[in-house]
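Everything below concerns the one structure shown next.
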Amino acid sequence: MKISTKGRYALRLMIDLAEHVGCGYIVLKDIAARQDISKKYLEQIMPILNRTDFLVTNRGYQGGYMLAKSPDKYTVGDILRATEGSLTPVSCLDHEPNTCPRAAECATVNVWRGLYKAITDYLDSITLQDILDKKNDGGNYMI
Numbered sequence: 160m161k162i163s164t165k166g167r168y169a170l171r172l173m174i175d176l177a178e179h180v181g182c183g184y185i186v187l188k189d190i191a192a193r194q195d196i197s198k199k200y201l202e203q204i205m206p207i208l209n210r211t212d213f214l215v216t217n218r219g220y221q222g223g224y225m226l227a228k229s230p231d232k233y234t235v236g237d238i239l240r241a242t243e244g245s246l247t248p249v250s251c252l253d254h255e256p257n258t259c260p261r262a263a264e265c266a267t268v269n270v271w272r273g274l275y276k277a278i279t280d281y282l283d284s285i286t287l288q289d290i291l292d293k294k295n296d297g298g299n300y301m302i
């Protein structure tokens, strides 16, 4: 599995908003400048995040974006699923029950299920608040 630029930038955008909770609405050009990401690219990501109700939007003077919930309510897994779609390592795990005609005799399906569980357990265990806390005290996320 490879996380796309869209997923990585969405996570950076959400972290930036989490860092500025309590500062009111944040304009996209400020996020773009701080994160060194094209404003145009962020404009493509914002509708995806808006559809998931991750953000509160205010248009016009003093408009911008802010998190709809506190940073501890967003997991990395939630953000990546919103932008990337499925996090499954193989397409046969995209649906439950597994519709692959070989699922019953597949020798590798449990390998892929285990990998998927490890990925989702890990990504769903990290919140935006955890990232901010680790950033502030120099920690990392090594298992």
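Each residue of the sequence shown is one higher than the one before, starting from 160 at the first, in my numbering.
Just so it is clear, CB atoms sit at the ideal spot from N, CA and C, and this is done for glycine as well.
These figures come from a predicted structure and were not determined experimentally.
Classified as exposed, Gly219 has fewer than 16 neighbouring CB atoms from the shown chains inside 10 Å of its CB. Annotated three-state conformation of Thr242 is helix, per DSSP.
Ile185 is bridged by DSSP to Tyr224. Counting every other CB atom within 10 Å of its CB across the protein chains shown gives Asp175 a total of 16 or more, marking it as buried.
Ranked by how close their Cα comes to the Cα of Tyr224, the residues Val270, Asp212, Lys232 have Asp212 in first place.
Leu201 sits away from Leu214, with the two beta carbons spaced by 9 Å or more. Rounded to the nearest angstrom, the gap between the Cα atoms of Ala227 and Met205 is 13 Å. A distance below 7 Å between beta-carbons, with the five flanking residues on each side excluded, links Leu252 to the following residues of its chain, in chain order: Trp271, Arg272, Tyr275.
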